[in-house]
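Read in order, the letters of the sequence shown correspond to residues 363 to 529 in the working numbering.
Here a beta-carbon is modelled for each residue, glycine too, at the ideal position from N, C-alpha and C.
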Amino acid sequence: MAVNEGIRSPFTTQPSALSPKLRIYERLYLLNQGIDHVVALLRDMEKFPFADKESVQSAVAEIEEVRCDMNADFTEHLADSERFDEGRLWKQRRAYEKKWRDHDDVYIDVERREEERKKQGLPPRVGVVPHSAVAEEEQRWEDQQEWKKRRAKKRPSNAKRRARGRS
């Protein structure tokens, strides 16, 4: 009777509730580990004086062929699944980044890129307006908006003007 001590997998035999993908990778690992064990046993058996070495080598080749076939089938399917998940999760991550990112960071990125171009001896692609000039323009715009609001409050509405004209 063979002793199975030391052959056990480090993985639990209970199915993982966390990730179906993890179970697939675990099983693929266990398959490859098991095939390695079988091939090692056959190579040991090949050393017996009465062993038909050609028969053992043929069996090893057949077992390795099955391993390659199973690995190829599973990894092709897994690669498609991983690429799909990669795209979905990339979109999700980008959405979080957009949500958390300060919209003005783009200007910092442009400044950094322009510095890189300058170090490489390339001409600038954009000009960055100093903050003081932007602040002046923003203040001018805000003043203009305030002036429009005050002017609108001072003017009577068209309906009030028409009503006065009828009296």
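Segment contact: the stretch 424-440 against the stretch 391-409, three or more CB-CB distances shorter than 8 angstroms; contact assigned. Going by beta carbons, V472 and V491 fall outside the 8 angstroms limit.
Judged by DSSP in its simplified three-state form, V491 adopts coil rather than helix or strand. Taken through DSSP and simplified to helix, strand or coil, E459 comes out as helix. In the three-state DSSP reduction, S381 falls in the coil class, being neither helix nor strand. Counting only residues of its own chain and dropping the five nearest sequence neighbours on each side, F436 has a CB closer than 6 angstroms to the CB of L390.
H439 carries a helical assignment under DSSP once its states are collapsed to helix, strand and coil. The stretch 440-459 makes no contact with the stretch 401-420; the number of CB pairs closer than 8 angstroms stays below 3. Contact check for E426 and K415: beta-carbon distance about 16 angstroms, past the 8 angstroms limit, so the pair fails to qualify.
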